[in-house]
Every structure is written in C-alpha cells, then in structure tokens.
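The sequence shown maps to residues 2 to 382 in the UniProt record's numbering.
Just so you know, even glycine gets a beta-carbon here, dropped at the ideal spot from N, CA and C.
Here the structure is laid out as structure tokens; the discussion comes afterwards.
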Amino acid sequence: IQSKLPNVGTTIFTTMSQLAAQTGALNLSQGFPDFDGPDALREAVARHVMNGHNQYAPMPGLPALREQIASKVARLHGRAVSAGDEVTVTPGATQAIFCAIHAVIRPGDEVIVFDPCYDSYEPATELAGGRCVHVALTPPSFAIDWQQLTDALSPRTRMIILNSPHNPSGTLIGRAELERLAELIRGRDIYLLSDEVYEHLVFDGVSHASVLGHEELYQRAFVVSSFGKTYHVTGWKTGYVIAPPALTAELRKVHQYVSFCGVTPLQYALADFMAEHPEHVDALPAFYQAKRDLFCDLLAKSRFAFTRAAGTYFQLADYSAIRPDLDDVAMAQWMTREHGVATIPISVFYQSPPEDLKLVRFCFAKREDTLRQAAERLAVL
Ligand code: PMP
Ligand code: GLN
C-alpha cells in the first residue's frame, strides 16, 4: 500500500507511555494527570448515564454546554459569542483541530506551524492536501522570530497555527505578539488556528492572552480548547471550537461527517458542573502552579537546568550537565530504563531540531507523592 502519511509512525506519547509501563517507571512523559477529575463531575456522568442520556447529542453539541462555554468566554474575555452559531463541541481538541484544518485547507495551501509543535497539526494538514511550513522557536525563550515568520509567508499561506500556552515549552504568547501578528497578516487571506487547550494553566499572576480577546484576529480564527486539561479528564476526549459564524458553518460541515457529535452523557455532566462550579477554572492556576513549584524546587537540587514554565503542565529541563553524550531520545530512554522516570524528548516536535538540543519534557500534572519520588530519582543523576 502506498501510504498517505509515509512519515508517520507511532507517536512519541504512545512509545514513552508504553516504555514506562513495561519498565515500571514513573510516567512523567505523556501529558495526563495521575489523579481524577472532581467527584461531582464524575458523579454527574454516572447520573446522566443512568437517567437515559445515552443517545446522540445534537451535532454542534448540547445547547446547555454551549451556553456554559459562551458564558465563560464572556466572563473571561469580554466577548459575546453565540452559543448557536459560534460554539461547537467536538470529541477532543484533536478532532477540533482536524476539522478546522479540513474546513479551509485545500491542495497546495501552506500552513505555518511553529516548531517545536504538537504532533497532530502536520498529518491533518497533509491529509487535506496542504503542506506545513515550519518556523523554529529557539530555546531558551522559544519566542517567535518575526523575520523568519515574515519570510515564511507566501501567496499560498492559508493558515497559521498558534499554540499558547505552548506544549512542550511552557511559554506564552502575549497580547503584544498577537497585535504584531494582526499587523503582519492584515489584508491577507490567512486563517488562524489558535490551540488554547492549556488556556487555564497560566502562572505567576499572568492572564492568558486569548485570540478570543483580540477582535481583529478572532474574525479569522478557530479557537480550540479541551475539557480534558481543564477538568483533569483527558480520557473523556471532549473539546470545543469557537469561531465566527461563517467559519463555524464550514467547520460543522466537516465535524458532521468525521464524528457527527460528541459523547452525550459527558456533555450533560460538563454542562451541570460548569454551571455549579464556575470557580473551578479560577482555581486552576494556583493548583498547577503549586505542582510546578514543588517539582521545580526539588529539581533545583539536581544537575538539570531549567526556567520555570509560564504555563501548561509541562516543565522543560536541560540535561547538558548530566549526559551531554546522549541525544534527547537516548536520554529519555536511559532515564526511563535506568532511573525509573519517563519523559518526552523535544527533538521529535521539530522538523529540524536545533543543534545540540539537550531538553526533555516532564509532565507535572501528578500527585505530590509522584512528583517527590520522581525528583528523588532525578536528584542522583
Ligand atoms: N493540542 C495540544 C497542544 C495538546 O497538548 C493536546 C493534548 N494532548 C491536544 C491538542 C489534544 O487535546 P484532546 O486530548 O482534547 O484531543
Ligand atoms: N497532549 C499530550 C502530550 O503532549 C498527549 C496526547 C496524546 O497522547 N496524543 O503529552
């Protein structure tokens, strides 16, 4: 068979989680919490399953859930989005990203992505007949290189994919950068896909600069989020897309035939929980910042070098002082097999990784005892 995705193999997330399971290592690789979502949320799912909410949800999502999403957006970003015409619930942010790309990308179109970038953007673009143009973000700042971005633009550029808070670097795009981007693409026929799945995981008193808060950019944007990250339930694979009505209409044409709708009882439970606990999202920065700080304070006793993540539940660390002889994939394997801590190497998120990249990514969405145990094992390296 002639593969449509000849360069795609097993994802690094699967590979490292499997290796962690085989070796019994603490799994700080694939991004997911080792604790459960709120009791009331999980009980609500059970209630809705038992109460007969088990048939197809409406194609764009349960109206009550879309209303809750719209109220959150109004409260946090001051934007009145229409639950009817601008909010679509999807089975995971991954499906949202796939549908947004397929809604607007045609054969020959170019999509600009910033490396290191999340692994689903490129295959989705290629299946739509498009091509990714990679602009590298360079450690340690991982800031946008505006000259490189300007040079990457071409008459074929149809989309730019942003991701803030950024996986894997934990860095943020600020309001000033959004403004600069708006100036750069003004008058051009370019859509934005803003992957904001870590929107509530922003630390040190900073507020998340959402594309939803930028009028001009929003008019050409698909803004994607994930309930998995926000409610500690990554296995529920439930997310959403917010986009202006004309873009939403095109997105729904794709979503309608990729999955038709998301899982019904989960949507009922999320709608109930969001209505009853609007404070859940406000408590997330402090909740995850405490985990980041616990992990980083302990990691400071090791020979890893790092700058604390500004957002997400990922912490990058440089291991140059420990095993400069190993590339990051070998380092991740060695740490998993020999020292019982699984991580993700960063080079796999790049088309061409910078020379001498010695960074691994730890997921700190873990219980205190897991973080302490992991840090103890890392301290002896
Ligand atoms: N985008 C980024 C940057 C992510 O880290 C993830 C989570 N793995 C996703 C999208 C996908 O989210 P979901 O699990 O809701 O599909
Ligand atoms: N987003 C998660 C991560 O970056 C992984 C999701 C997946 O396994 N596809 O670790």
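Please report how far the alpha carbon of Leu-77 lies from the alpha carbon of Ala-71, in whole angstroms.
Stepping through the sequence shown from its first residue, residue 77 is reached at position 76. Stepping through the sequence shown from its first residue, residue 71 is reached at position 70. Answer to the nearest angstrom: the Cα atoms are 10 angstroms apart.
Proximity below 8 angstroms, CB of Leu-42 to CB of Ala-376:
Translated into positions along the sequence shown, residue 42 becomes position 41. Translated into positions along the sequence shown, residue 376 becomes position 375. Contact flag unset, no.
Relative to the alpha-carbon of Leu-358, which residue among Ala-333, Asp-370 and Ala-84 has its alpha-carbon at the smallest distance?
Reading the sequence shown from its first residue, position 357 is the one you call residue 358. Nearest C-alpha to Leu-358: Ala-333.
For Met-60, which three-state DSSP category applies?
The residue you call residue 60 lines up with position 59 of the sequence shown. In the structure shown, Met-60 sits in coil (DSSP, three-state: anything other than H, G, I, E or B).
Just to check, is the beta-carbon of Asn-28 closer than 7 angstroms to a non-hydrogen atom of the ligand GLN?
Taking the sequence shown and counting its residues from 1, the one referred to as residue 28 is at position 27. Answer for Asn-28: no, Cβ out of range of the ligand GLN.
Using a Cβ-Cβ cutoff of less than 6 angstroms, which residues in the same chain neighbour Arg-67 once the five nearest sequence positions on both sides are dropped?
Residue numbering aside, residue 67 sits at position 66 when the sequence shown is read from its first letter. Closer than 6 angstroms at the Cβ level, and outside the excluded window around Arg-67, lie Ala-84 and Val-88.
Check your reading: residues with Cβ closer than 6 angstroms to the ligand PMP heavy atoms
Gly-32, Gly-93, Ala-94, Thr-95, Tyr-119, Asn-164, Asn-168, Asp-196, Val-198, Ser-227, Gly-229, Thr-235, Lys-238 and Gly-240
According to the neighbour-count rule (16 or more other Cβ atoms, all chains shown, within 10 Å of its Cβ), is Asp-116 buried or exposed?
Position 115 of the sequence shown, counted from the start, is the residue given in the question as residue 116. Per the 10 Å Cβ criterion, buried.
Span of the alpha helix (DSSP H), counted from its first residue to its last, around Ile-98
What you label residue 98 is simply residue 97 of the sequence shown in a count that begins at 1. Here the alpha helix (DSSP H) through Ile-98 covers 94 to 105.
Which residue spans inside the segment 253 to 299 form an unbroken alpha helix (DSSP H) run of at least 4?
265 to 277
Nearest residue (CA-CA) to Leu-163, options Pro-156, Ala-144 and Gln-148:
As a first step, residue 163 must be located in the sequence shown, where it is residue number 162. For Leu-163, the nearest C-alpha among the options comes from Ala-144.
Can you tell me whether residue 1 sits near the ligand GLN, meaning its C-beta is under 7 angstroms from at least one heavy atom of the ligand?
Beyond the ends of the chain as shown, which are 2 and 382, falls residue 1; an answer cannot be given.
Going by beta carbon distance, what residues of the same chain come within less than 8 angstroms of Glu-217, once the five residues before and after it are set aside?
Mapped onto the sequence shown, residue 217 falls at position 216. Result list for Glu-217: Ala-183 and Arg-187, in chain order.
Would you check whether the ligand GLN has a heavy atom nearer than 7 angstroms to the C-beta of Thr-16?
If you number the sequence shown from 1, residue 16 lands on position 15. Result no, Cβ not under 7 angstroms from the ligand GLN.
With DSSP as the reference, label Tyr-122 as helix, strand or coil.
Numbered from 1 along the sequence shown, position 121 holds the residue referred to as residue 122. Three-state DSSP puts Tyr-122 in a helix.
Hey, quick one: how far does the beta strand (DSSP E) through Gly-240 stretch, first residue to last?
Translated into positions along the sequence shown, residue 240 becomes position 239. 240 to 243 is the span of the beta strand (DSSP E), which, as asked, contains Gly-240.
Proximity to Ala-366 [Cα-Cα], best of Asn-8, Ala-26, Asp-35 and Pro-59
Taking the sequence shown and counting its residues from 1, the one referred to as residue 366 is at position 365. Ranking the options by Cα distance to Ala-366, first place goes to Asp-35.
Report the partner residues of Asp-196 according to the DSSP bridge assignment.
Here residue 196 is taken as the residue at index 195 of the sequence shown, counted from 1. Looking at the DSSP assignment, Asp-196 forms a beta bridge with Asn-164 and Val-225.
Taking the alpha carbon of Phe-228 as the reference point, which residue from Asn-52, Pro-169, His-281 and Ala-310 has its own alpha carbon closest?
Here residue 228 refers to the residue found at position 227 of the sequence shown. The option with the nearest alpha carbon to Phe-228 is His-281.
Less than 8 angstroms between C-beta atoms, sequence neighbours within five positions excluded: which residues of the same chain meet that for Gln-290?
Looking up residue 290 in the sequence shown gives position 289. The residues are Phe-204 and Asp-205.
With distances taken Cα to Cα, identify the nearest neighbour of Arg-107 among Cys-133, Ala-287 and Thr-95.
Your numbering for residue 107 matches position 106 in the sequence shown. Among Cys-133, Ala-287 and Thr-95, the Cα nearest to that of Arg-107 is on Cys-133.
Given 7 angstroms as the limit, tell me if Thr-139 has its C-beta closer than that to any heavy atom belonging to the ligand GLN.
Taking the first residue of the sequence shown as 1, we reach residue 139 at position 138. Thr-139: no, Cβ never under 7 angstroms from the ligand GLN.
Any heavy atom of the ligand GLN inside 7 angstroms of the beta-carbon of residue 1?
For the chain, the structure presents residues 2 to 382; residue 1 sits outside this window and is missing.
Sorted by chain position, which residues of the same chain lie with C-beta nearer than 8 angstroms to Pro-246's C-beta, five sequence neighbours on each side aside?
Reading the sequence shown from its first residue, position 245 is the one you call residue 246. Excluding residues within five positions, the ones whose Cβ falls inside 8 angstroms are Ser-83, Asp-86 and Glu-87.
Determine which residues share a DSSP beta bridge with Asp-319 and list them.
On the sequence shown, residue 319 is found 318 positions in, with the first residue counted as 1. Per DSSP, Ala-306 and Leu-360.
Is there contact here, the segment 308 to 319 with the segment 165 to 177, by at least three beta-carbon pairs under 8 angstroms?
yes
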